[in-house]
Amino acid sequence: MSDVPKTHPRYLSLSLRDQIVKGVEIGITSVHGLIAHGRGEAFDYLIGEKTHAFATHAIQAASVMLKLAINPVISVNGNVAALVPDGLVELSELLKAPLEVNIFHTEDGREQRIYEHLLDNGALDVLMPTKNAELDYIDSNRRYVNPNGILKADVVFVPLEDGDRCEALRKMGKQVITIDLNPLSRTAKQASITIVDNVVRALPILCRELRSITSESVHGDVITEYDNEKVLQDALHHISRGANG
Ligand code: ATP
Numbered sequence: 014m015s016d017v018p019k020t021h022p023r024y025l026s027l028s029l030r031d032q033i034v035k036g037v038e039i040g041i042t043s044v045h046g047l048i049a050h051g052r053g054e055a056f057d058y059l060i061g062e063k064t065h066a067f068a069t070h071a072i073q074a075a076s077v078m079l080k081l082a083i084n085p086v087i088s089v090n091g092n093v094a095a096l097v098p099d100g101l102v103e104l105s106e107l108l109k110a111p112l113e114v115n116i117f118h119t120e121d122g123r124e125q126r127i128y129e130h131l132l133d134n135g136a137l138d139v140l141m142p143t144k145n146a147e148l149d150y151i152d153s154n155r156r157y158v159n160p161n162g163i164l165k166a167d168v169v170f171v172p173l174e175d176g177d178r179c180e181a182l183r184k185m186g187k188q189v190i191t192i193d194l195n196p197l198s199r200t201a202k203q204a205s206i207t208i209v210d211n212v213v214r215a216l217p218i219l220c221r222e223l224r225s226i227t228s229e230s231v232h233g234d235v236i237t238e239y240d241n242e243k244v245l246q247d248a249l250h251h252i253s254r255g256a257n258g
């Protein structure tokens, strides 16, 4: 980062801002993504910029669901492509699952640039949306998907999702795993599993978790017992305790 010293108390947060701004400059992140990032920052501030038990619990359930999935897919937007390209590539390799570009604002060839950015970061399997396959229950551009990816997926991992599409995916019978710092967002409430944490912290933990489990050691009970509403309540309690304490 240009002129902020590493000793600055907000160095990490400021360096993430730089990454998002760079994403806009190289044309992979939408300017609207800056606003989404700001909302995330505010919630990260409220949870103390740490990974909490409510997040690690969700990460454990997510790793099991992904391990047991038949056709898992990782949906990528411009913010996550800018913040965690390496983590996305690692997750794709661990799951042998494709990355699929799916964005709301498709200005100026941004989808293609995200595609190339993922390949530049070592991705081997990146799918693009097509006009041949559409999600039901959604009108925005995000309805266009790949027939070999999100359309046929049983589990969609989609960090920083938008509520409309999360709802559409759920109505289509798919499981949705999201990472969202806002436990009040429509996405957080509608997803099967919501990891309330910053994607830059949560994704490496998810990858570590996946490396530690095998198909033999994995138990579906973890998913049956998982309660997403409780996880969101725990996150909200944490925030309100902080605000009152
Ligand atoms: P919804 O439609 O689900 O209610 P929204 O309209 O609030 O969502 P969007 O702008 O579609 O939100 O997506 C941004 C979401 O991503 C916000 O909830 C924000 O808190 C979250 N977010 C932003 N940056 C990060 C990050 N680095 N890690 C995790 N979550 C983030």
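Counting in the working numbering, the sequence shown tops out at residue 258, every number present.
Glycine included, C-beta positions come from ideal geometry on N, C-alpha and C.
Keep in mind that this is a model prediction, so the values were computed, not measured.
Can you round the beta-carbon distance between THR20 and ILE33 to whole angstroms, since I take them to be within the 8 Å contact cut? The pair is not a contact, with the Cβ atoms about 22 Å apart (cut-off 8 Å).
Residues in its own chain within less than 8 Å of GLN203 by CB, not counting five upstream and five downstream? GLY176, CYS179, GLU180, ARG183, VAL189
Starting from SER13, trace the alpha helix (DSSP H) in both directions and tell me its first and last residue. With the chain covering 14 to 258 only, the question about residue 13 has no answer from this structure.
To the nearest angstrom, how far is the alpha carbon of LYS74 from that of THR227? According to the sequence shown, residue 74 is Ala rather than Lys. Taking the straight line joining both Cα atoms gives about 14 Å.
CB-CB under 8 Å to LEU131, same chain, minus the five flanking residues each way: which ones, in chain order? VAL89, ALA94, PRO98, LEU101, VAL102, LEU112, VAL114, VAL139
Grab the span of the alpha helix (DSSP H) containing PRO98 for me, first residue to last. 98-108
From LEU47 to ILE60, what does the alpha carbon distance come to, in whole angstroms? 20 Å
Following a CB-centred definition, is ALA94 positioned closer than 7 Å to any heavy atom of the ligand ATP? no
Is DSSP giving GLU113 helix, strand or coil here? strand
Rounded to whole angstroms, how far is the Cβ of THR64 from the Cβ of ILE218, which I believe are closer than 8 Å? 6 Å
At which residues does the beta strand (DSSP E) containing SER88 begin and terminate? 85-89
Could you check where the alpha helix (DSSP H) with ILE127 kicks off and where it finishes? 123-133
Helix or strand or just coil, what does DSSP make of LEU223? helix
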